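**Q** Respectively, the protein sequence lines represent chains L and H. With our numbering as the guide, the letters of the first sequence map in order to residues 671 to 1010. With our numbering as the guide, the letters of the second sequence map in order to residues 332 to 709. Every residue gets a Cβ at the ideal spot worked out from N, C-alpha and C, and that includes glycine. Keep in mind the model is a prediction, meaning the values are calculated, not measured. Shown below is the structure under consideration.
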Amino acid sequence: MNKFKVIRYQLVYLVLLLLIALAMVLNVNAGSVSMSPLRIFKIIFMRFEEGSVESNIIWKIRLPRSLTAAILGGALSISGLLLQTFFRNPIAGPFVLGISSGAKLFVALAVIFIAGRFGGIPPYAMVLFSFIGSLISMGLVLLFSQKIKSMSVLLVIGIMIGYICSAVTDFMINFAKDSHIASLTYWSMGSFAGVSWSALGTIAPIVATGLFSSILISKPMEAYQLGEGYAKSMGINIRLFRLVLIALSSLLSATVTAFAGPISFVGVAVPHIAKMLVKTSKPIVVIPATFLCGAAFCMFCDLIARTAFAPTELAIGTVTAFLGAPIVISLMVRLSKGKH
Amino acid sequence: MFFETRKLSVGYSGRVLVRDISFSVDRGKILSIIGPNGAGKTTILKTISRHLERIAGTVTIEKDSLFRLSGKELARRLSVMLTERVDPELMTCGQVVAMGRYPYTDSFGRLTAKDRAIVSEALRMVHAEELEDLPFSHISDGQRQRVMLARAICQQPSVMILDEPTSYLDIRHKIELLDILRALASEKDMAIIMSLHEIDLAAKISDYIICVKGDRIQSCGTPEEVFTGDFIKSLYDMECGTFNTLLGSVELAAPQGEPDVFVLAGGGKGIPVYRQLQKNRRAFSTGILFENDVDFQVASALSRYVVSAEAFNPVPELKLKEAKALIDKARFFLDSGVKIGVHNSFCKELVGYAEEQGKIILNSAEELLAEAGRRLIV
């Protein structure tokens, strides 16, 4: 790693951090109730006007929402990066492989059967159910991946598992109570809204654990890029490593799904943008870049979702797909060009 | 011995593919595994590099059982070059090579100055210094093999295992690669074990050869011990063509049928003519060749009848008669342009005999083919 490269990495991190800060300001600023930046600054940092409507809007709605977008966006991107490493395929992602749909199914089950019966469900239980759901659908994909070596067939299987999970979810929604239907439908469209500070208290530690664990396995991740055979010959316990990869990516995407619903394309597109920015695939450099890039990406997507057709709010998935899909397409074109 | 296998059985999921493999290699030596496709060469290499579970038997490296070493310890003693295609995105060749330092670096894979020096040295050994900053995806197959070899060198192993390192390389890169391996064995005092498809190269580079066929090792030893007579022909079940163990060259099958041309050859003049005739599937007889003549080696593979004589001795009368009998049977007499000196004056006699017998005398294979074609039309 020469000096020039290190400067590049630091520059990318700095720019991404600035973008996140900018997005934060814009996100807190934007909305139906307009406030001057100075007033917002005072409300946030000097606890100005505590108890007022404006203060409540900022503290109870806009601020947690922006933070949620940042943390979950980063988590989703890391989850995608881990899956791409696992499958050594650029198109892998929690949404593509049906993992998000599995999580969605289990969250729906939890909402209908548990929240319906006990009148509510704590945030960590949502994550737990979501995690179980993603592990089950991931397990199915892995089961097939042992028999099928072709990546494209595996992706098709993942997509099909996703459809099945969605179908079962829709089926159950048909028999759910009206109040549940409303919240489930809203949730399944995906949104960073409605996450409380206490939920953030569950999200942040989980995502932080996932992020730091990913950094801790960045060394074997780099070796794994040379393929399983070489990785093994360098002394990596392949089975354990793959297990950790899967567990981490499932945990991260499950957390996202539990709180923001299924969000497409972030997991696939962001790791590639991050790699392009730092111009390397060294995981120890790419992991932080991916997290920051995912955070910035989702914050801006959320900003667009909120403001583009205000007062109507778009589903976050609509915006991420709209921006993410063209990125994925151009990426595929570039990759297939590079091969010839 | 430094690296040793005893009664090793290898295979997939409990099913034995090759059994009773016992061989040993010392530091500084090269062992090659040869054998037909699908014989289990790769399976053996994968087992002795612990990519596959062994079925039975032992493998020891410096008296330690290979199967008891930790992954890291093994990686410091043994490195591999595999056939699987490596396609890392956004990695420079230097980074790929530096991956070889994996078993030595800290938990974050940071390279020390010493690691960097080892990487540079490995690149120098494979003559790839100029590739260091190039993206791995942009270089040729030959360069890739060298970079992957440099990666294996970086692991500073005492044993290196290579699976068909020369496949897909052109002749220049094949020779370069094998030359590097020879240098590695002696300079780094490494034991090298590899599988090779090119039996001619295997004979030239290896200190030991083992031949796999069926479910066992058919033969092993030094190349001189292994490459004898028709051994290669039987190892590969060759139905046509031959492998010349002395020269290490492959010859195609001899043309069938009764020869209608006698080729006067010697001193290497005959070989191009033989090849030309073989390509046109025209059977021929040839002579009189001393047994130390290079023409004799090829003639034995390609001609129907060879009249040969013991080297360093005058040609006996009997051999001259044999040659004349062959000329009698032929329509054409082809003089390949042998230089006639004191010790092969019999050539003059044979030319004279052919003229006397009214044979059509020709001077090249092209003339013969043209002549034969013309006569066929008339």
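Output yes if chain L places a C-beta closer than 8 Å to the C-beta of H:L413; else output no.
**A** Cβ-Cβ to chain L under 8 Å: yes for H:L413.
**Q** When the Cβ atoms of the segment 963-971 of chain L are set against those of the segment 731-742 of chain L, are three or more pairs found closer than 8 Å?
**A** Yes, they touch.
**Q** Does chain H have any CB closer than 8 Å to the CB of L:V998?
**A** No, no contact with chain H.
**Q** Per DSSP, what kind of secondary structure is H:D418 in: helix, strand or coil?
**A** In this structure, H:D418 counts as coil in the three-state DSSP scheme.
**Q** For H:G668, which of helix, strand or coil comes out of DSSP?
**A** Coil, per DSSP.
**Q** What residues are listed by DSSP as bridge partners for H:V341?
**A** Answer by DSSP bridge pairing, in chain order: H:V349.
**Q** By the 10 Å Cβ neighbour count, where 16 or more other Cβ atoms means buried, how is H:C571 classified, buried or exposed?
**A** Exposed.
**Q** Within this structure, are the beta carbons of H:A453 and H:C485 separated by less than 8 Å?
**A** The answer is yes: Cβ separation under 8 Å.
**Q** Mind checking the segment 636-648 of chain H against chain L and listing, in chain order, the residues whose C-beta falls within less than 8 Å of any C-beta there?
**A** If the cut-off is 8 Å between Cβ atoms, the segment 636-648 of chain H has nothing near chain L.
**Q** Run through the DSSP bridge pairs and tell me what H:N575 is partnered with.
**A** Looking at the DSSP assignment, H:N575 forms a beta bridge with H:S580.
**Q** How would you label L:S868, buried or exposed, when you count the other beta carbons within 10 angstroms and need 16 or more for buried?
**A** Exposed, by the Cβ-count rule.
**Q** Within 8 Å (strictly less), CB to CB, does H:K519 reach chain L?
**A** With 8 Å as the cut-off, H:K519 does not count as an interface residue toward chain L.
**Q** Counting Cβ pairs, one atom from each stretch, are 3 or more of them under 8 Å apart for the segment 597-604 of chain H and the segment 661-669 of chain H?
**A** These segments touch.
**Q** Under DSSP, the beta strand (DSSP E) around H:K544 begins and ends at which residues?
**A** Y539 to K544 is the extent of the beta strand (DSSP E) around H:K544.
**Q** Comparing the C-beta of L:Y900 with each C-beta of chain H, is any distance below 8 Å?
**A** Closer than 8 Å: yes.
**Q** What residues are listed by DSSP as bridge partners for H:E335?
**A** DSSP output for H:E335 lists H:S355 and H:T391 as bridge partner(s).
**Q** DSSP three-state call for H:G704: helix, strand or coil?
**A** H:G704 falls in the helix class under three-state DSSP.
**Q** When Cβ atoms are compared, which residues of the segment 878-893 of chain L fall closer than 9 Å to chain H?
**A** Of all residues in the segment 878-893 of chain L, I885, L886, S888, K889, P890, E892 and A893 have a Cβ within less than 9 Å of some Cβ in chain H.
**Q** Would H:V592 pass as a contact of H:F621 if the rule is Cβ separation under 8 Å?
**A** Result no, Cβ atoms of H:V592 and H:F621 do not sit closer than 8 Å.
**Q** Are the segment 799-813 of chain L and the segment 913-932 of chain L touching by the rule of at least three beta carbon pairs closer than 8 Å?
**A** They touch, by the three-pair rule.
**Q** Between L:S1006, L:A995 and L:A959, which lies nearest to L:G744 when the distance is taken from Cα to Cα?
**A** Of L:S1006, L:A995 and L:A959, the residue nearest in Cα terms is L:A959.
**Q** Taking Cβ-Cβ distances shorter than 9 Å, what residues in chain H pair up with L:G905?
**A** Residues of chain H passing the Cβ test: S401, G402, K403, E404, L405, A406, R407, Y433 and P434.
**Q** Please go through the same chain and pick out, in chain order, the residues whose beta-carbon is closer than 8 Å to the beta-carbon of H:V638, but skip the five residues on each side of it.
**A** Excluding positions up to five away in sequence, the list reads S616, T617, G618, I619, L620, K650, E653, A654 and L657.
**Q** Under 8 Å, do L:S884 and L:I748 count as touching if we go by C-beta distance?
**A** Result yes, Cβ atoms of L:S884 and L:I748 sit closer than 8 Å.
**Q** So is H:L699 buried or exposed if we call it buried at 16+ other beta carbons inside 10 Å?
**A** With 16 or more other Cβ atoms within 10 Å, it is buried.
**Q** Would H:G388 and L:N907 qualify as a contact pair, given that the criterion is a beta-carbon distance under 8 Å?
**A** Cβ atoms of H:G388 and L:N907: not closer than 8 Å.
**Q** To test your reading of the DSSP string, which unbroken beta strand (DSSP E) runs of 3 or more residues are found completely within the segment 729-809 of chain L?
**A** Counting whole runs of 3 or more residues, the segment 729-809 of chain L contains no beta strand (DSSP E) stretch at all.
**Q** Just how far apart, CA to CA, sit L:L687 and H:L515?
**A** Taking the straight line from one Cα to the other gives about 49 Å.
**Q** Measuring only between beta-carbons, confirm whether H:M525 sits less than 8 Å from chain L.
**A** False, the Cβ-Cβ gap to chain L never drops below 8 Å.
**Q** Which of the three DSSP states, helix, strand or coil, is assigned to H:I361?
**A** Of the three classes helix, strand and coil, the one that applies to H:I361 here is strand, per DSSP.
**Q** Which residues in chain H have a C-beta closer than 7 Å to the C-beta of L:G897? List them in chain order.
**A** Those are E415 and V417, listed as they occur along chain H.
**Q** Given a limit of 8 Å on CB to CB distance, which residues of the segment 933-954 of chain L reach chain H?
**A** Cβ contacts with chain H: K945, K949, T950, S951, K952 and I954.
**Q** Please classify L:A978: does DSSP put it in a helix, a strand, or coil?
**A** Here L:A978 sits in coil by DSSP.
**Q** Starting from H:G618 and walking both ways along the beta strand (DSSP E), at which residues does that stretch end?
**A** From DSSP, the beta strand (DSSP E) with H:G618 extends over S616 to F621.
**Q** Using a Cβ-Cβ distance cut-off of 8 Å, determine whether H:G440 contacts chain L.
**A** With 8 Å as the cut-off, H:G440 counts as an interface residue toward chain L.
**Q** Below 6 Å CB to CB, which residues in the same chain sit around L:I784 once its five sequence neighbours on both sides are set aside?
**A** The residues are I791.
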